[in-house]
Amino acid sequence: MELSQLGRVLVVAGAAVLFLGLLLVVADRVPLVGRLPGDITLRGNGWTLYAPLATSIVLSVLLTVVLSLVAWVRR
Numbered sequence: 448m449e450l451s452q453l454g455r456v457l458v459v460a461g462a463a464v465l466f467l468g469l470l471l472v473v474a475d476r477v478p479l480v481g482r483l484p485g486d487i488t489l490r491g492n493g494w495t496l497y498a499p500l501a502t503s504i505v506l507s508v509l510l511t512v513v514l515s516l517v518a519w520v521r522r
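Take the position in the sequence shown, starting the count at 1, then add 447; the result is the number in the numbering used here.
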């Protein structure tokens with residue numbers, strides 16, 4: 448791998464990490480993330496189990512649409 452290719456890979460990876468970090472910061476401000484019907488929270492004595500099923504499905508659909516649009520534009 449040439450250095451210019453490695454540089455491009457590192458720039459793309461850095462941009463992806465930056466984007467993910469921004470999403471995590473903004474996710475706290477969006478009221479529905481993690482509180483959708485279908486998100487399961489079980490609490491017991493000294494333990495909590497959280498399974499964000501509905502949120503995972505919504506995020507999966509959104510990512511599929513975004514990545515499909517990116518792939519379509521790159522053609």
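Glycine included, C-beta positions come from ideal geometry on N, C-alpha and C.
All figures in this text were calculated on a predicted structure; none of them were measured in a lab.
Alpha helix (DSSP H) segment containing residue i, residue limits
i: Arg-455; result: 450-474
Anticipated Cβ contact below 8 Å, residue i with residue j, distance rounded
i: Leu-509; j: Gly-485; result: With 8 Å as the limit, Leu-509 and Gly-485 do not qualify as a contact, their Cβ atoms being about 16 Å apart.
i: Leu-483; j: Thr-502; result: 5 Å
Bounding residues of the beta strand (DSSP E) (the contiguous stretch that carries residue i)
i: Leu-489; result: 486-491
DSSP bridge partner residues for residue i (one or two, in chain order)
i: Leu-496; result: Leu-489
Item to complete: Counting only runs of 4+ residues fully inside the segment 498-522, write out the alpha helix (DSSP H) ranges in chain order.
Response: Here the runs fully enclosed are 500-521.
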